[in-house]
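K.L.:
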Amino acid sequence: MDLTNEKIVEMYKVMKRIREFETNASRLFAEGSIPGFVHLYLGEEAVATGVCSSMNEDDYITSTHRGHGHIIAKGGETKYMMAELFGKETGYCKGKGGSMHIADATKGILGANGIVGAGHNIAVGAGLSAKYRESGQVVACFFGDGSTNQGTFHESINLASIWKLPVVFVCENNLYGISMSQARHQAIQDVADRAVAYNIPGIVVDGNDIFAVYEAATEAVARARSGQGPTLIECKTYRHKGHFEGDPTTYRPSDEVQEWMAKDPLPRAVAYLMDNEIISEEELRKIDAEIVKEIEEAIKFAEDSPVPSLESIVQDIYTDIVEEVR
Amino acid sequence: MKTMSMMEAIREAMNKRMREDKNVLLFGEDVGAFGGCFGVSAGMFDEFGPERVRDTPISEGVIIGTAVGAAATGLRPIAELMFIDFATVGADQLVNQAAKMRYMFGGKITLPMVVRLPLGAGISAAAQHSQSLEAWMAHIPGLKVVYPSTPADAYGLLLQSIDDENPVIFLEHKVLYGASGEVDENMAPIRFGVGDVKREGSDVTIVATGKMVHEALAAAEKLSEEGIEAEVFDPRTLYPFDKEGLLKSLEKTNKVVIATEENKRGSFAGEISAIIAEDGFDYLDGPVLRVCAMNTPVPFSPVLEQYYIPSADDIVKAVKKMF
Chain A
462 MDLTNEKIVE MYKVMKRIRE FETNASRLFA EGSIPGFVHL YLGEEAVATG
512 VCSSMNEDDY ITSTHRGHGH IIAKGGETKY MMAELFGKET GYCKGKGGSM
562 HIADATKGIL GANGIVGAGH NIAVGAGLSA KYRESGQVVA CFFGDGSTNQ
612 GTFHESINLA SIWKLPVVFV CENNLYGISM SQARHQAIQD VADRAVAYNI
662 PGIVVDGNDI FAVYEAATEA VARARSGQGP TLIECKTYRH KGHFEGDPTT
712 YRPSDEVQEW MAKDPLPRAV AYLMDNEIIS EEELRKIDAE IVKEIEEAIK
762 FAEDSPVPSL ESIVQDIYTD IVEEVR
Chain B
25 MKTMSMMEAI REAMNKRMRE DKNVLLFGED VGAFGGCFGV SAGMFDEFGP
75 ERVRDTPISE GVIIGTAVGA AATGLRPIAE LMFIDFATVG ADQLVNQAAK
125 MRYMFGGKIT LPMVVRLPLG AGISAAAQHS QSLEAWMAHI PGLKVVYPST
175 PADAYGLLLQ SIDDENPVIF LEHKVLYGAS GEVDENMAPI RFGVGDVKRE
225 GSDVTIVATG KMVHEALAAA EKLSEEGIEA EVFDPRTLYP FDKEGLLKSL
275 EKTNKVVIAT EENKRGSFAG EISAIIAEDG FDYLDGPVLR VCAMNTPVPF
325 SPVLEQYYIP SADDIVKAVK KMF
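Line order of the protein sequences matches chains A and B.
Mapping of the first sequence onto the numbering used here: position 81 corresponds to residue 542, and the numbering continues sequentially without gaps.
Mapping of the second sequence onto the numbering used here: position 311 corresponds to residue 335, and the numbering continues sequentially without gaps.
1. Taking 8 Å as the threshold (beta carbon to beta carbon), is A/C513 in contact with chain B?
2. Can you check whether the C-beta of A/D777 is within less than 8 Å of a C-beta belonging to chain B?
3. Please tell me whether A/E483 has its Cβ less than 8 Å away from any Cβ of chain B.
4. Taking the C-alpha atoms as reference points, what is the distance between B/P172 and B/L195?
5. Are the C-beta of A/A564 and some C-beta of chain B separated by less than 8 Å?
6. Measuring alpha carbon to alpha carbon, tell me which residue in A/L771, A/P769, A/S640 is nearest A/D708.
7. Which one of A/Y473, A/R488, A/I623 has the shortest CA to CA distance from A/R746?
8. Let me check understanding here. Comparing Cα to Cα, which of B/R260, B/S148, B/V192 lies closest to B/S325?
9. Shorter than 8 Å from the beta carbon of B/L49 to some beta carbon of chain A?
10. Leaving out the 5 sequence neighbours to the left and right, which residues in its chain are closer than 6 Å to B/D208 when beta-carbon positions are compared?
11. Does the beta carbon of B/Y127 come closer than 8 Å to any beta carbon on chain A?
12. Just tell me which of B/N319, B/R289, B/A242, B/G166 has its CA closest to the CA of A/V775.
13. Which partner residues of B/K26 appear in the DSSP bridge assignment?
14. Between the C-alpha atoms of A/I532 and B/V343, what's the straight-line distance to the nearest angstrom?
15. Where DSSP assigns a beta bridge to A/I664, which residues make up the other side?
16. If you draw a straight line from the C-alpha of B/V138 to the C-alpha of B/M28, how long is it?
17. How far does the beta strand (DSSP E) with B/A283 in it extend, from its first residue to its last?
18. Does B/D116 have its Cβ less than 8 Å from a Cβ in chain A?
19. How close, in whole Å, do the beta carbons of A/G578 and A/F614 come, if the pair is a contact with beta carbons under 8 Å?
20. Run through the DSSP bridge pairs and tell me what B/P213 is partnered with.
21. Rounded to whole angstroms, what's the CA-CA distance from B/N106 to B/S83? Just pull it up for me.
22. Report the residue from B/A242, B/T90, B/F129 whose alpha carbon sits nearest the alpha carbon of A/I570.
23. Can you confirm whether A/Y659, when its beta carbon is compared against all beta carbons of chain B, has any partner nearer than 8 Å?
24. Can the beta-carbon of B/F347 be found less than 8 Å from the beta-carbon of B/I230?
25. Just to confirm the assignment, what range does the beta strand (DSSP E) spanning B/D303 have?
26. Under a Cβ-count criterion, where at least 16 other Cβ atoms within 10 Å of its own Cβ denotes burial, should B/Y331 be classed as buried or exposed?
27. Thinking just about the alpha-carbon of each residue, which of B/E268, B/Y179, B/K272 is nearest to the one in B/E224?
28. How is A/Y637 classed by DSSP in three states: helix, strand or coil?
29. Just mark B/L143 as buried or exposed, buried being the case when its beta carbon has 16 or more other beta carbons within 10 Å.
30. Where does B/A123 land, buried or exposed, given buried means 16+ other C-beta within 10 angstroms?
31. State the Cα-Cα distance for the pair B/T112 and B/I87, rounded to the nearest angstrom.
32. For A/K761, count neighbouring Cβ atoms within 10 angstroms of its own Cβ and tell me buried if that reaches 16, exposed if not.
33. Assuming contact is defined by CB atoms lying nearer than 8 Å, are A/N610 and A/R700 in contact in what I supplied?
34. Three-state secondary structure (DSSP) at B/A317?
35. Looking at C-beta atoms only, is the number of pairs between the region 680-689 of chain A and the region 618-628 of chain A that lie closer than 8 Å three or more?
36. Take every Cβ of the region 213-220 of chain B, pair it with every Cβ of the region 175-194 of chain B, and state whether three or more of those distances are shorter than 8 Å.
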């Protein structure tokens with residue numbers, strides 16, 4: 462794996478940024494500053510980071526209801542994200558979308574998505590577009606194990622396969638579709654087995670190992686970019702929190718939780734940095750402090766931002782029609 | 025001017041834009057060499073090739089979703105479903121994705137996409153291939169809904185649909201595919217929200233959409249023989265809707281019948297009558313009457329199906345109640 466130390470440090474920063482953002486989102490939700498639902502990416506940081514680090518800035522991603530990590534990894538700015546979580550006018554979506562609908566088309570982020578499995582289809586459309594325009598772009602489609610039982614999983618991978626579209630399907634198998642364990646929601650252990658049905662590569666990786674994810678994604682991205690079509694990468698991972706904030710997670714056995722907490726991708730990445738003397742402890746503390754400060758500033762930005770004007774409710778539905786207010 | 029069928033007009037509008045703009049492409053089930061379920065895209069595969077006229081598997085969700093993703097990333101896709109009834113299979117992509125993305129993303133994305141949906145009864149296709157579901161479409165903020173009744177309108181409205189920066193539902197009544205009319209191929213696109221008076225009259229306004237426009241015109245001829253002059257108003261687009269055009273007609277006639285092929289319950293005809301009740305009440309000197317299909321699934325047997333579909337005689341009967 463040809464990773465420069467500089468790149469490794471960048472990847473660590475992304476993981477740390479997600480961790481810090483989500484930890485604060487959890488706190489702010491509990492405190493009542495964030496309305497609605499939040500689905501946190503804590504524990505899965507290595508997946509988004511490993512995949513997006515293998516992509517270019519103009520490549521595309523589609524995301525899920527658990528999207529904060531993907532958006533940060535693809536270059537989304539935390540202050541606009543936090544403002545959106547707060548429902549503020551300065552948020553990515555002007556307060557009209559919230560946690561589940563953050564998008565930034567300028568960075569190829571085609572949106573988090575509140576419908577499980579919906580991103581698969583949109584990813585195929587972006588893949589067709591990239592291929593048709595001969596732009597050389599690729600698409601990473603993130604989704605959980607729960608969504609692999611939706612029809613969209615089948616129809617989108619099938620279409621991407623027959624049209625040889627540049628799409629990398631990234632399954633974040635966190636072992637649960639909401640409260641239903643994978644063992645109960647499907648009769649297979651590896652979602653990647655399903656790749657056989659589409660005659661595409663299906664790869665299983667340790668989703669808590671940033672380098673394993675990066676390596677698999679790099680190969681899949683190269684394959685997609687060179688016109689050989691899609692790959693299905695299954696990243697075995699685990700969410701540290703429930704499906705949504707407030708979920709009591711009584712459905713998860715405590716020994717399983719402990720086992721997976723021991724595999725937390727963040728300490729593993731730190732250990733790699735230290736063991737290989739990529740950065741000093743002092744440098745690490747400095748990086749961490751900068752990220753803590755960035756998120757503090759993002760929260761301050763969100764707190765200080767105005768709420769949307771009531772008139773804005775009728776804007777942004779169409780490009781050329783503003784609806785009447787009541 | 026050229027005489028064309030509705031089907032040819034739709035095809036020629038697509039051809040025109042595809043010749044002008046490489047980013048316009050068509051995909052759907054059997055739209056390629058096969059020429060489409062009803063033959064609408066016949067010959068297009070030969071002209072534009074497999075990259076631009078693409079057969080898809082039978083996967084309505086990903087057909088619409090592919091249009092969403094492609095439109096979000098620089099193309100101007102036209103997706104065809106064989107029947108509007110199948111939009112239920114891909115409804116998430118239409119209702120929750122295409123229609124909502126611009127709003128959810130704070131206006132920071134445009135989705136210039138057209139979904140062409142053949143609809144309507146009259147060919148013994150029974151309950152899953154014959155519905156008129158336009159009210160569902162018009163109910164969803166974020167979609168525009170276009171429903172032409174003549175080849176010229178189909179041509180001009182489809183040009184505008186392809187040019188539009190928003191998701192457009194383009195409804196094609198399959199019984200009208202063979203209807204012929206004069207089309208000016210150099211015509212400007214027809215703006216949305218501008219209805220058309222298909223027949224002038226002073227005694228009653230018949231608001232009609234799609235195939236019912238033709239039933240309304242036939243009804244108007246019969247009524248004329250009895251001394252009642254009906255004005256036939258075709259809104260042409262359900263959203264945006266030409267309220268001013270309709271009210272202008274009502275101001276003149278003071279009576280209105282609404283004719284659509286939908287099941288009456290929850291129909292767009294109900295929406296039109298509500299618009300009239302709210303903003304045109306003072307023009308009326310009688311009740312707003314609706315002539316719609318019965319509240320049944322579309323039956324198969326031709327006898328039952330013809331009974332199901334509203335006819336010119338049904339419209340005549342409704343109008344006569346007012347005189």
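Yeah, the Cβ is synthetic: ideal placement off N, Cα and C, and Gly gets one too.
P.N.:
Reading from the atomic positions:
1. Numbered from 1 along the first sequence, position 52 holds the residue referred to as residue 513 of chain A. Judged by the 8 Å Cβ criterion, A/C513 is not in contact with chain B.
2. Along the first sequence, one-based indexing puts residue 777 of chain A at 316. Chain B, which has a Cβ nearer than 8 Å to the Cβ of A/D777, makes this yes.
3. Numbered from its first residue, the first sequence carries residue 483 of chain A at position 22. Residue contact check for A/E483 against chain B: no CB pair falls below 8 Å.
4. Numbered from its first residue, the second sequence carries residue 172 of chain B at position 148. Numbered from its first residue, the second sequence carries residue 195 of chain B at position 171. A direct Cα-to-Cα measurement between B/P172 and B/L195 gives close to 7 Å.
5. To locate residue 564 of chain A, count along the first sequence from 1; it is residue 103. It does: the Cβ of A/A564 has a partner Cβ on chain B nearer than 8 Å.
6. Here residue 708 of chain A is taken as the residue at index 247 of the first sequence, counted from 1. Here the closest residue by C-alpha is A/S640.
7. Translated into positions along the first sequence, residue 746 of chain A becomes position 285. Cα-wise, what sits closest to A/R746 is A/Y473.
8. Within the second sequence, numbered from 1, the residue matching residue 325 of chain B stands at position 301. It is B/S148.
9. Counting from 1 along the second sequence, the entry for residue 49 of chain B is found at position 25. For B/L49, a Cβ of chain A is located within less than 8 Å of the residue's own Cβ.
10. Indexing the second sequence from 1 puts residue 208 of chain B at position 184. Within the same chain, Cβ atoms closer than 6 Å to the Cβ of B/D208 are found at M25, the five residues on either side in sequence being excluded.
11. Position 103 of the second sequence, counting from 1, holds the residue named residue 127 of chain B. Chain A, which has a Cβ nearer than 8 Å to the Cβ of B/Y127, makes this yes.
12. Looking up residue 775 of chain A in the first sequence gives position 314. Selected option, being the one with the closest Cα: B/G166.
13. Your numbering for residue 26 of chain B matches position 2 in the second sequence. The partner list for B/K26 (beta bridge, DSSP) reads B/V207.
14. Stepping through the first sequence from its first residue, residue 532 of chain A is reached at position 71. Stepping through the second sequence from its first residue, residue 343 of chain B is reached at position 319. Rounded to the nearest angstrom, the gap between the Cα atoms of A/I532 and B/V343 is 59 Å.
15. As a working mapping, residue 664 of chain A is identified with position 203 in the first sequence. In the DSSP assignment, A/I664 forms a beta bridge with A/I694.
16. To locate residue 138 of chain B, count along the second sequence from 1; it is residue 114. To locate residue 28 of chain B, count along the second sequence from 1; it is residue 4. Using only the alpha carbons, I get a separation of about 22 Å.
17. Along the second sequence, read from residue 1 onward, the residue named residue 283 of chain B stands at position 259. Note, B/A283: beta strand (DSSP E), 280-287.
18. Looking up residue 116 of chain B in the second sequence gives position 92. Against chain A, the CB of B/D116 has a partner CB under 8 Å away; the residue lies at that interface.
19. Taking the first sequence and counting its residues from 1, the one referred to as residue 578 of chain A is at position 117. Taking the first sequence and counting its residues from 1, the one referred to as residue 614 of chain A is at position 153. About 6 Å separates the two Cβ atoms, so the contact holds.
20. One-based indexing of the second sequence puts residue 213 of chain B at position 189. None; B/P213 has no bridge partner.
21. Position 82 of the second sequence, counted from the first residue, corresponds to residue 106 of chain B. Position 59 of the second sequence, counted from the first residue, corresponds to residue 83 of chain B. What sits at residue 106 of chain B in the sequence shown is Met, not Asn. Their backbone Cα atoms lie some 11 Å apart in a straight line.
22. As a first step, residue 570 of chain A is located in the first sequence; it is residue number 109 there, counting from the start. Ranking the options by Cα distance to A/I570, first place goes to B/F129.
23. The residue you call residue 659 of chain A lines up with position 198 of the first sequence. Taking Cβ atoms only, chain B never reaches closer than 8 Å to A/Y659, which makes this a no.
24. By 1-based counting over the second sequence, the position of residue 347 of chain B is 323. By 1-based counting over the second sequence, the position of residue 230 of chain B is 206. Contact: no.
25. Looking up residue 303 of chain B in the second sequence gives position 279. Here B/D303 belongs to no beta strand (DSSP E); instead the alpha helix (DSSP H) covers 292-303.
26. Position 307 of the second sequence, counted from the first residue, corresponds to residue 331 of chain B. That one is exposed.
27. One-based indexing of the second sequence puts residue 224 of chain B at position 200. Nearest C-alpha to B/E224 among B/E268, B/Y179, B/K272: B/K272.
28. Within the first sequence, residue 637 of chain A is the residue found at index 176, counting from 1. In this structure, DSSP gives A/Y637 an extended state, which the three-state scheme calls strand.
29. What you label residue 143 of chain B is simply residue 119 of the second sequence in a count that begins at 1. Sixteen is the threshold: when 16 or more other Cβ atoms of the shown chains lie within 10 Å of the Cβ of B/L143, as they do, the residue is buried.
30. As a position in the second sequence, residue 123 of chain B is number 99, starting the count at 1. Result: buried.
31. Taking the first residue of the second sequence as 1, we reach residue 112 of chain B at position 88. Taking the first residue of the second sequence as 1, we reach residue 87 of chain B at position 63. In a straight line, the C-alpha of B/T112 is about 12 Å away from that of B/I87.
32. Within the first sequence, the letter at position 300 stands for residue 761 of chain A. Answer is exposed; the Cβ neighbour count stays below 16.
33. Position 149 of the first sequence holds residue 610 of chain A. Position 239 of the first sequence holds residue 700 of chain A. Not in contact: A/N610 and A/R700 (Cβ atoms no closer than 8 Å).
34. For the purposes of this step, residue 317 of chain B is identified with residue 293 of the second sequence, where counting begins at 1. Strand, per DSSP.
35. Touching, per the Cβ criterion.
36. They touch, by the three-pair rule.
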